[in-house]
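For the record, the sequence lines run as chains A and B. Residue numbers for the first sequence follow our numbering, beginning at 1 and rising by one. Residue numbers for the second sequence follow our numbering, beginning at 1001 and rising by one. Glycine included, C-beta positions come from ideal geometry on N, C-alpha and C. A short worksheet on the structure shown next.
Number of protein chains: 2
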Amino acid sequence: MGSLQMGNSLQPYRDEHLTMEFDQQSVKLDGERMTLTRKEYDLLALLVQHAGEIIPRDALLMRVWGYGAEIRTRTLDVHVRRLRKKLGGYADQYIETIFGIGYRFQPYRAPRFFQTVVNKPAIAISA
Amino acid sequence: MGSLQMGNSLQPYRDEHLTMEFDQQSVKLDGERMTLTRKEYDLLALLVQHAGEIIPRDALLMRVWGYGAEIRTRTLDVHVRRLRKKLGGYADQYIETIFGIGYRFQPYRAPRFFQTVVNKPAIAISA
DNA sequence: GCTTCTTTTTACAAAGTTTTTACAACTCCA
DNA sequence: TGGAGTTGTAAAAACTTTGTAAAAAGAAGC
């Protein structure tokens, strides 16, 4: 408990093109540092930390923005868009839209056959 | 916002070709993930959860759509059709029309001779 | 004050889903 | 076997959700 970074000392994420070191807040795409704004980083980090799992919009808005269910906003969509832009050609590969539910980050070339990760719920976080 | 499932942590359904995990909202046909829309999923889930039992139209319209008896609509038929399409060659095996009453989901190769399952009423749910 | 960068909102377009419509095909029973 | 009632089906319409560009609002530094 009571650590400076509240429970964010997670293992780095690493795949063919993307690496993300949570303790340094550094993200690299094909070796080049991606400069993300605070919200962009928070959003990507949350998605990546639950790679392979669907995260509902409610949950993203709650965890990244602190918004409750009553708030109606498009800021999540706009941030997803900017993340995708910065991810360039890999955008579609990485950030998947689950219509009517939310988004899912998929590790590079994660086989599409296995849509969910073993031993983890399909919907990772609830709002 | 999206009301997907309310506390339905039921046992998964599993047979020769079809598996359905209610807590993950995942449906697989011969190992391949079936992508269903919300209403399609809700409808199939209700039918599968009462496999072998007839569910009247009224009950389906009430439980999946919240419609009362006074509402006249063909949306149930259309959704059944789309489910059957996605079930491919197994459609007739799985989703049975009970003329004048409703529909019944039958487990794969469930014997047609026994029209009702032991210890269960022929008509599962009432509206 | 201005300037720059970030975030949110607005307004509309695009995509996806659900319902209705219209008619064809089927079932049941007098 | 004929016809009323029920279900199947394709296509259109209605509706909902997501994508996108641009403007507005907010925050931090000079």
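Residue i versus the options, residue with shortest Cα-Cα distance
i, options, result
"B:R1014", "B:R1038, B:A1051 and B:T1035", "B:A1051"
"B:P1107", "B:Y1094, B:G1100 and B:I1101", "B:Y1094"
"B:L1010", "B:H1017, B:E1016, B:G1066 and B:D1023", "B:D1023"
"A:R81", "A:D92, A:I71 and A:R72", "A:D92"
"A:R38", "A:L18, A:H79 and A:D30", "A:H79"
"B:L1018", "B:T1073, B:L1087, B:I1071 and B:Y1067", "B:L1087"
"B:D1089", "B:Q1025, B:D1030 and B:M1020", "For the record, residue 1089 of chain B in the displayed sequence is Gly; it is not Asp. Closest by alpha carbon: B:D1030."
"B:T1035", "B:R1057, B:K1085, B:L1061 and B:P1012", "B:K1085"
"A:T97", "A:E21, A:R33 and A:R57", "A:R57"
Opening and closing residue of the beta strand (DSSP E) in which residue i lies
i, result
"B:Y1094", "Element bounds for B:Y1094: not the beta strand (DSSP E) but the alpha helix (DSSP H), A1091 to Y1094."
"A:T19", "L18 to E21"
"A:L87", "Neither: A:L87 is in no beta strand (DSSP E) and is coded neither H nor E."
"A:G102", "G102 to F105"
"B:E1070", "Element bounds for B:E1070: n/a, residue is neither H nor E."
"B:E1032", "E1032 to M1034"
"A:L29", "S26 to L29"
Residue i and residue j closer than 8 Å at C-beta
i, j, result
"B:I1055", "B:L1047", "yes"
"A:E137", "A:L83", "For residue 137 of chain A there is no data in the structure shown, the boundaries of chain A being 1 and 127."
"A:D42", "A:V27", "no"
"B:A1059", "B:G1102", "yes"
Residue span of the alpha helix (DSSP H) that contains residue i, given as start and end
i, result
"A:E180", "This structure cannot settle anything about residue 180 of chain A, because the visible part of chain A is limited to 1 through 127."
"A:R57", "R57 to L60"
CB-CB length for residue i against residue j, believed under 8 Å
i, j, result
"A:R104", "A:E53", "6 Å"
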